[in-house]
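Mind the numbering: the sequence shown is residues 121 to 596 in this note's numbering, read in order.
In this text, a Cβ means the ideal position worked out from N, Cα and C, and glycines have one as well.
Accompanying notes for the structure given below.
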Amino acid sequence: MLVAAPSAFAQTITNEELLERLERLEQQNAELREEVRSLRAEEGIVRVPDTSAEAATNNRNGFVSTNVDYSYRILDHAEDISTKPVVQLRARQNGDLTSSLTLSGQITALANIQQSNRDSKFGYLMRHPTSANQIGENVSEAVIHSANLAVTAQLNDWITGYVELQYSPEQSFGTGTITSLGRNQIEARQAYMIFGNLDESPLYAAIGKLYTPFGLNDSVSPFTNSTNWHAFAGLAYGAQVGYVQDGLMLRAMAIQGGAQFRAHNVPVSGTSVPSRVNNFAVDGNYTFALSDENSAMVGASYTHGSAYCQAYPVFHFNPCDENNPAWSVYGRANFGPLELLGEFASTTKDWPGSAVPDPTNPLSQYEAQRTHSFTLGGRFGFGDQHPNGRYLNAVSLEFSNFRAGDDGAPWERQNQLVLGYSRFVGENINLFAELVHVEGFAPLNFVSGGNFPDGSTWSDRDATTDVLLFGAQAAF
121 MLVAAPSAFA
131 QTITNEELLE
141 RLERLEQQNA
151 ELREEVRSLR
161 AEEGIVRVPD
171 TSAEAATNNR
181 NGFVSTNVDY
191 SYRILDHAED
201 ISTKPVVQLR
211 ARQNGDLTSS
221 LTLSGQITAL
231 ANIQQSNRDS
241 KFGYLMRHPT
251 SANQIGENVS
261 EAVIHSANLA
271 VTAQLNDWIT
281 GYVELQYSPE
291 QSFGTGTITS
301 LGRNQIEARQ
311 AYMIFGNLDE
321 SPLYAAIGKL
331 YTPFGLNDSV
341 SPFTNSTNWH
351 AFAGLAYGAQ
361 VGYVQDGLML
371 RAMAIQGGAQ
381 FRAHNVPVSG
391 TSVPSRVNNF
401 AVDGNYTFAL
411 SDENSAMVGA
421 SYTHGSAYCQ
431 AYPVFHFNPC
441 DENNPAWSVY
451 GRANFGPLEL
461 LGEFASTTKD
471 WPGSAVPDPT
481 NPLSQYEAQR
491 THSFTLGGRF
501 GFGDQHPNGR
511 YLNAVSLEFS
521 NFRAGDDGAP
531 WERQNQLVLG
541 YSRFVGENIN
551 LFAELVHVEG
561 FAPLNFVSGG
571 NFPDGSTWSD
581 RDATTDVLLF
591 GAQAAF
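Take a look at the structure:
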């Protein structure tokens, strides 16, 4: 009886009842599918992106979006140094920013070994060259060099807001080592508003904390900045205006006086207090086509007040007696996969702090000199190209020098040669390696002495540093 029960129960359901049940299920399924379609079409609903690789890198839905190519460009520390507002305006013009808020981020991780021929004197400038960072003649590290988070806000058709937060213990001015609390802080690296719409006008304006329009300061190396960047790339409070059209870019910026964040210093009533807008920078460059695939750009800049105005002993953010202007000329050429760049920047007057005023000090034999820097580099891309134009692979070679003192002075120069290789495994992920050779050790603080009782200096023109470096830079 128990074995026969299921068969008997099944016989109680007729074919007509089974057909009726199937019809009801089909009707319910159709209703559910229609409801899903209507929900997908409804505006104002923020949807989670698909789980595909493309959706994971570019979320273009709803009030908040991401764009990894834009994130890489806006947060890259090696290219488009002084033209970030123009990059953002062009991104809006090209439709790359598709929502009210665009979130961006980047992380740069490093592993390297360094060797010096002088005890605790490493001239490699991608981390501050002090004994708080490097001890002995051989050092190594596996660290996060920097991490950034940024928000770009399209406030209306004409106004864009931007805030960038940065964590960078290796280049922090805080005291102690890279594990000290003072060097593990998060700062607002840049924060500004842009007023402009390139679809309507070639003019724009920006106000806030941003890079100043002085020099090119870009590098073809995958990670290491040139000495031009270290010496002259300005970051300051101020108000900028610009014109961008048909290959011509003209920019001017009224800069807050006093000692600014980077590369600008003009005295305010004999102090370094930034209580007056009494500095400025101007820049102009023109890009022209050489053929369908080749182009060239030339430019020049001037600033009323560079950082090289301080008297002996030199120390960051000290006041100056008078301003020391600077000028720059630069160029870039693209021949298909080959990119070449060059730049020269110099002060117009001698740097007072590059001479020792005490006649009893043997170092007083060296006269004050104008400060200048020079960069020349090339990069060749090969392999497939990503949609944004970046090549899968690139090799680069760049030389740059910083001249801080008289011939033969311990602080005379610091030269840098970088051989680099990049592999963009995605348009937003760069795996890289570099070989770096540095000649000279000339840190800005106490560059000509003043920090030792005997009047000597820690600068050393004959110190050398060699670096083997591997890293990854990823934007999201």
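Through-space distance from residue j to residue i, alpha-carbon basis
i: W531; j: F502; result: 40 Å
i: T577; j: S474; result: 12 Å
i: F334; j: Q365; result: 19 Å
i: F596; j: N550; result: 12 Å
i: E136; j: L142; result: 10 Å
i: W349; j: R157; result: 54 Å
i: G404; j: V259; result: 42 Å
i: I314; j: F455; result: 33 Å
i: P482; j: N571; result: 15 Å
i: S219; j: Q208; result: 14 Å
i: G182; j: L460; result: 41 Å
i: G296; j: A252; result: 6 Å
i: A353; j: L336; result: 8 Å
i: P205; j: M369; result: 12 Å
i: T491; j: A351; result: 9 Å
i: V558; j: L537; result: 6 Å
i: T468; j: Y422; result: 10 Å
i: S448; j: C440; result: 22 Å
i: V434; j: V361; result: 33 Å
i: V263; j: I227; result: 11 Å
i: A175; j: D470; result: Residue confidence for A175 is low, a pLDDT of 46 falling below 50, so the modelled location carries little weight; the figure read from the coordinates is stated next. Computed Cα separation, rounded: 55 Å.
i: P322; j: R212; result: 13 Å
i: Q235; j: E257; result: 6 Å
i: L152; j: E146; result: 10 Å
i: T480; j: G575; result: 10 Å
i: S224; j: S516; result: 27 Å
i: R193; j: E284; result: 13 Å
i: E554; j: T332; result: 28 Å
i: T584; j: N268; result: 32 Å
i: A231; j: R238; result: 22 Å
i: Q485; j: P573; result: 19 Å
i: Q254; j: Q489; result: 29 Å
i: Q310; j: N149; result: 53 Å
i: V397; j: S389; result: 12 Å
i: H436; j: T250; result: 14 Å
i: S127; j: R144; result: Only weak support is given to the placement of S127: the predicted model assigns it a pLDDT of 44, under 50, and the value that follows is read from those uncertain coordinates. Each residue's alpha carbon lies about 25 Å from the other.
i: T280; j: S579; result: 44 Å
i: V402; j: I298; result: 36 Å
i: I327; j: F242; result: 37 Å
i: E413; j: I201; result: 24 Å
i: L410; j: N187; result: 31 Å
i: N438; j: V184; result: 43 Å
i: F408; j: N304; result: 44 Å
Residue i vs residue j beta-carbon contact at 8 Å
i: N317; j: V386; result: no
i: S493; j: N521; result: yes
i: R543; j: N513; result: yes
i: L458; j: G498; result: yes
i: Y287; j: S300; result: no
i: G525; j: S568; result: yes
i: A273; j: L330; result: no
i: A359; j: A374; result: yes
i: E547; j: D189; result: yes
i: R510; j: R581; result: no
i: G540; j: S346; result: no
i: V556; j: T344; result: yes
i: S339; j: A198; result: yes
i: L195; j: A308; result: no
Opposing strand residues paired with residue i [DSSP bridges]
i: R499; result: E459, S516
i: L555; result: L539, L588
i: I194; result: Its beta-bridge partners do not exist; DSSP assigns none.
i: S421; result: D403, S448
i: G378; result: V386
i: A529; result: Answer is none; A529 lacks a bridge partner.
i: F561; result: D580
i: I201; result: Partner(s): none; I201 has no beta bridge.
i: R371; result: G362, D403
i: T186; result: According to DSSP, T186 bridges with nothing at all.
i: Y428; result: Its beta-bridge partners do not exist; DSSP assigns none.
i: Q534; result: F522
Unbroken beta strand (DSSP E) runs of length 3 or more, entirely within the stretch 214-276: which are they? 221-236, 258-274
Quick check on the DSSP output: what are the complete alpha helix (DSSP H) runs of length 4 or more inside the stretch 284-369, in order along the chain? 347-352
Pairs of beta-carbons, one from the stretch 362-382 and one from the stretch 554-567, closer than 8 Å: are there three or more? no
Could you tell me whether the stretch 228-246 touches the stretch 292-308, where touching means 3 or more Cβ pairs closer than 8 Å? no
With a cut-off of 8 Å, do at least 3 Cβ pairs link the stretch 425-432 to the stretch 382-398? yes
Evaluate contact between the stretch 446-454 and the stretch 579-594, counting only Cβ atoms and requiring at least three cross-stretch pairs below 8 Å. no
List in chain order: all unbroken beta strand (DSSP E) runs of 3+ residues lying wholly within the stretch 467-497. none
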